[in-house]
Amino acid sequence: MFPKTQDRSLIMKTISPRDRPLLRFVVITDTHVNGEGDSPYPYPSGVLANARAAAAFAKIRTLKPDFVLHLGDMVHPLPGQVSFASAAANFREMVGDLEVPIRWVPGNHDIGDKPSAWLVAPPVSKETRTLYTDALGPDRHCFEHHGIRFVMADATLINSGMDAEEEQWNWLDTNISRDRRSFLFMHYPPYLTDTDEPEHYDNIADPGRSRLLAMLRDRPVEALFTGHVHNIFMNRFGNTDIHVLPATSFVRNDYSQLFPVPPTDEENGRNHVSRLGFMLVEVFEKGHTVHWVHTNGGTDPEIADQQMTVSMLHPRRRTAPVGVDLRQEWARALPIVPDGVVDELSRKYVRNDHLAMRLQSLGLRHLRVPMQDIIDERAAARMSDFAAFGHTFTVYGVGVPTTEIGDRLAAVAPILSGVEVILPSEAFAETSSLLAAFSHSIGAPVMLSKLRASAHSEGKGDGRSLYSHLPRHGFPVEEADEAFAAIPAGIAGLCFAVEPTAPLWAALETIASAAHKNGKRALAHLRLAGASFAKDAGTPEENARRIAEATLAGWAHRAVLDIVIDTFVDFDRGYVLRSGLLNSLCDLRPAGAVLQRLAELLADTPDGGSVRSEGSLRYFSIAGKHNALALDKLPTMNGSATAIRLDTGATIATDVEAAGMPILLS
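With full-length UniProt numbering applied, the sequence shown corresponds to residues 1 to 666, in that order.
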């Protein structure tokens, strides 16, 4: 459940954007390098592993980290197979000119599977350990950098019963310090969703899991990094972040079941290249941030730096000046059906944590969820995890919350940006004293939102409304001055609905001006949709322009204005269609790419700044450098200027039109 207000030790303090990292390191895993004549699996992408690994290491060289750590499955053939030695030689050759130190520990392909009764590959043994050490060297490491301890262990030994297992436990007990900051690295994750989940192919069984978690509980291990699963998972255990990393080689396609639409690649999700990559970690005096470097399946080292992308946004440090509405399931586990390969004999339940990682890479600190997520214990526990990752929440519901809800909100007040109470206007007066007392009792700001019905008259030839009373919430923009003037005592601010067809910049300026004049905050709820809520969700160009304007307005008015984008992921099967920052496969839509690039530019001036509006141009300055956001056609430019399409990041000529996408001029 949530940490209590009086115990804020689980709430991660944010890191100032002005703080410089003490060190930067790369964590990579599951390169699955092939040997001579190897033919891995019947998937066409299997033969690309070597080229993809070589290109990833080329990208790493350009990042210039302090060191690189590989979490295992360096090679694909198993110990004892004919091509194992040549695969190991190929891997060593790839990393030979990396120009920075690299260390690695074995995965199941390098040294043998974890002990199990159902896996077809041979388990780790004395013989496979000898083959591994002869070809690839030591199976564990411990070193220090900037006074921080880095510990790398062989996860395949856990529960093996070998003498080497107990030797490693003793080694871990000695090297994971009780009084020194440390990071831990291994191939298998202890669990994917719950600490007590049943054993499956992708976790560590008891008693080894409990023994490992006991070490994490008692010692200052800041993060545990693991691989093996070829998919993203993120957990928080006590004060430790647990990261499960993507692969550079291929995606485990059984996890494609987590998405509500079929895979779009020809290998049933195995070659979904936007899910391939590695992690760049920045470590600060207090805290760290993790950034996904998307390798995008690149195979050419010569162009790897341009082809592979990374966002340096993170909710702990450099954040976007807007938030997002989480409508779809984001916190609870979903079933992965027995798929006939590694988990044929059991069903496992896991979350789709690609959502969580995308929230981090977009710097989306402020999240909006319904009040029911406070009541659901799994969702509530996940909110606690997200708070430690740097996020804050606005929770919303209709009516004055009950005493039970109030108690839950009071327990989590440190992570709340606000509590949005939605009421009809006729109830404002009679509930004002209740709301003031409620706000005081929970220790979190209460934002008031107006419940209203709006008429739509589409689809009827006789002029009658198709839906005469569609429930809506949020004050209309045109009521801003009047609403703030009548705001009840004890209320921190008001929530507004910005219609999809409204002139966005003028609407947000009106809301921010009224909030500033009355010394209150405002929350603007911005839906990405077309004019007809049942027929379209807006064009990519329309939504990209609205996101660009909203991001700039949120930066300019962040002292008084919170902007929440509705919604995060495409919503295509309800009454009201919504376009998101991500599509249903969790890939960036143009609007998401625009947000990421513009937010990265603005993040280094977190206190905001002034913006001058002229037609479809927005002029602003960052660190003395003048910029303009062009929402339509490019203006005539005097002198030299750089024009960048914010959806692709491509530099374009200044004498061409923007093709409907927002352009950054500097």
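Backbone N, C-alpha and C fix where the C-beta goes; we use that ideal spot for every residue, glycine too.
Given the structure is predicted, the values throughout are model-derived calculations rather than measurements.
- For E166, the enclosing alpha helix (DSSP H) covers residues 163-175.
- Its chain contains G660, M661 as the residues whose beta carbon lies nearer than 7 Å to that of E541, once the 5 sequence neighbours on both sides are disregarded; these appear in chain order.
- Listed in chain order, the non-local C-beta contacts of P338 below 7 Å within the same chain comprise E344, L345, S346, R347, local neighbours out to five positions each way being set aside.
- For M234, the secondary structure class from DSSP, reduced to helix, strand or coil, is strand.
- Per DSSP, the continuous beta strand (DSSP E) segment holding W292 begins and ends at 288-294.
- Under the three-state reduction of DSSP output, F475 falls in the strand class.
- For Y619, the enclosing beta strand (DSSP E) starts and ends at 617-622.
- Under the criterion of beta carbons closer than 8 Å, V33 and F91 qualify as touching, at roughly 4 Å.
- In the three-state DSSP reduction, G554 falls in the helix class (H, G or I).
- A331 places its beta carbon less than 7 Å from that of A379.
- Take the alpha-carbon of A524 and the one of F568: they are about 15 Å apart.
- In the DSSP assignment, V594 falls within the alpha helix (DSSP H) that extends over 590-602.
- A straight line joining the alpha-carbon of V120 with that of L451 spans about 59 Å.
- When beta bridges are read from the DSSP output, M279 appears opposite V27, W292.
- Judged by their CB atoms, A556 and A591 are not nearer to each other than the 7 Å cut-off.
- Within the DSSP bridge table, the entry for A643 names I652, L665 as partners.
- Residue environment analysis places D134 among the exposed positions, since fewer than 16 neighbouring C-beta atoms fall within 10 angstroms of its C-beta.
- For H516, the enclosing alpha helix (DSSP H) has its first and last residue at 504-518.
- Between the segment 261-275 and the segment 94-114 there are fewer than three inter-stretch CB-CB distances shorter than 8 Å, so the stretches are not counted as touching.
- Here F57 is buried, its C-beta having at least 16 other C-beta atoms within 10 Å.
- The alpha-carbon separation between H230 and L212 amounts to approximately 22 Å.
- Here DSSP, grouped into helix, strand and coil, assigns I491 to coil.
- At a Cβ-Cβ threshold of 7 Å, T29 and A53 do not count as neighbours.
- Taking C-beta separations shorter than 6 Å and ignoring five residues to either side along the sequence, the partners of G538 in its chain run L528, A529, G530, S579, following chain order.
- A413 is not a Cβ neighbour of I375, given a cutoff of 7 Å.
- In this chain, E404 is not harboured by any beta strand (DSSP E); it is covered by the alpha helix (DSSP H) spanning 403-411.
- In the DSSP assignment, M215 falls within the alpha helix (DSSP H) that extends over 208-218.
- Using a Cβ distance threshold of 7 Å, V310 and V290 do not count as a contacting pair.
- DSSP places F428 outside any beta strand (DSSP E); the residue lies instead in the alpha helix (DSSP H), whose first and last residues are 428-442.
- In the structure shown, D305 adopts helical secondary structure according to DSSP, grouped into three states.
- Short of 8 Å from the beta carbon of N627, and not among the five residues preceding or following it, lie these beta carbons of its own chain, in chain order: L601, Y619, F620, S621, L664, L665, S666.
- With fewer than 16 other CB atoms across the displayed protein chains lying within 10 angstroms of its CB, Q372 is exposed.
- Per DSSP, the beta-bridge partners of Y396 are P370, E420.
- According to the DSSP secondary-structure assignment, N627 is paired through a beta bridge with F620.
- Between L561 and A522, the beta carbon gap of about 5 Å places them in contact (Cβ cut-off 8 Å).
- The closest CA to that of E426, considering only S449, P138, H440, is found on S449.
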